[in-house]
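Worksheet: the structure to be examined is printed underneath.
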Amino acid sequence: MSEENAPEAPAPSPGTRRPGGRTARTRAAVRDAVLAGLTEHGYPGLTVEYVAEHSGVHKTTLYRRWGDLEGLLADTLDLAGEDTWTPPDTGSLAGDLRTLAREVVDAFTDPVTAASGSAIIAAAFQSQRAADALHAYYAERFRRCEPMVQRAVERGELLAQEDGIDAGALARAACAPLFLRLFITREPVDTHTADQSAAAALAAAQAGVFTPAGAGSGTGTGAPTPPK
Numbered sequence: 099m100s101e102e103n104a105p106e107a108p109a110p111s112p113g114t115r116r117p118g119g120r121t122a123r124t125r126a127a128v129r130d131a132v133l134a135g136l137t138e139h140g141y142p143g144l145t146v147e148y149v150a151e152h153s154g155v156h157k158t159t160l161y162r163r164w165g166d167l168e169g170l171l172a173d174t175l176d177l178a179g180e181d182t183w184t185p186p187d188t189g190s191l192a193g194d195l196r197t198l199a200r201e202v203v204d205a206f207t208d209p210v211t212a213a214s215g216s217a218i219i220a221a222a223f224q225s226q227r228a229a230d231a232l233h234a235y236y237a238e239r240f241r242r243c244e245p246m247v248q249r250a251v252e253r254g255e256l257l258a259q260e261d262g263i264d265a266g267a268l269a270r271a272a273c274a275p276l277f278l279r280l281f282i283t284r285e286p287v288d289t290h291t292a293d294q295s296a297a298a299a300l301a302a303a304q305a306g307v308f309t310p311a312g313a314g315s316g317t318g319t320g321a322p323t324p325p326k
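The numbering used here puts the sequence shown at residues 99 to 326.
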């Protein structure tokens, strides 16, 4: 039975199920085609016909299951967010933040990965659903950074704060200057700029500035413990 004629239940919105088997393979093929199209043509030039041709999934099925191009892009990001990525665990917060920042540099300077990642971010400026999906993708990434902060507190590298420490804010601070250079000022990034960004985020964390949103105004007490 062809993909086009295969019986199936009405598709839920992207991200509402974690299918396996043939459906998982179909999603993976569609994701790869979407990424290839974004890399080759950018979001304005991406079409359902391109995705159908390069994924082997009939466009009727694409429209039925994903709705439109925005649905395809949102599901591509949703599928990417289902990976097993975990934050670095180097034995020190300084090392973890450096590695995290270097991962950003590698992702957006490696010829194999840079084009598709940049195209997805560009698409988020043109599609609200893409922007929402990108936001959810990075929110999940930052949520996974919580153990990194917990380990730092246990090692005595950060002072435990009454209101806690916002791990997402710390991870953002380590990466944000790199995204600024990559996508706003269009300046080069390298290992040195990654390490600078990580060092600045570390200093801010040791000063106790990453309290959760809505927490009290206190920023910790006492002198911060230097990194090991």
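By construction, the Cβ of each residue, glycine as well, lies at the ideal position given by its N, Cα and C atoms.
All values derive from a computational prediction rather than experimental measurement.
Here V247 is buried, its C-beta having at least 16 other C-beta atoms within 10 Å.
For W164, the number of other beta carbons within 10 angstroms of its own is at least 16, and it is reported as buried. Taking C-beta separations shorter than 8 Å and ignoring five residues to either side along the sequence, the partners of H152 in its chain run D130, A131, A134, G135, following chain order. Taking a contact as a CB-CB distance under 8 Å, the pair A269 and C243 counts as one, their CB atoms being some 4 Å apart. A contact between stretches requires three or more CB pairs, one per stretch, nearer than 8 Å, and the stretch 282-295 fails this requirement with the stretch 170-187. Rounded to the nearest whole angstrom, the CA to CA distance from K157 to A222 is 23 Å. DSSP places C273 within a helical segment (H, G or I) once states are collapsed to three. Bounds of any alpha helix (DSSP H) do not take in Q259, whose DSSP letter is neither H nor E. In this structure, D176 is the residue among D176, P209, D204, A217 with its C-alpha nearest to the C-alpha of A234. Rounded to the nearest whole angstrom, the CA to CA distance from A178 to E252 is 31 Å.
For the pair of segments examined, the stretch 293-309 was found to touch the stretch 259-276: the number of CB pairs separated by less than 8 Å reaches three. Distance between E180 and A231, taken at the CA atoms: about 13 Å.
Cβ atoms of A292 and V155 stay farther apart than 8 Å, at about 38 Å.
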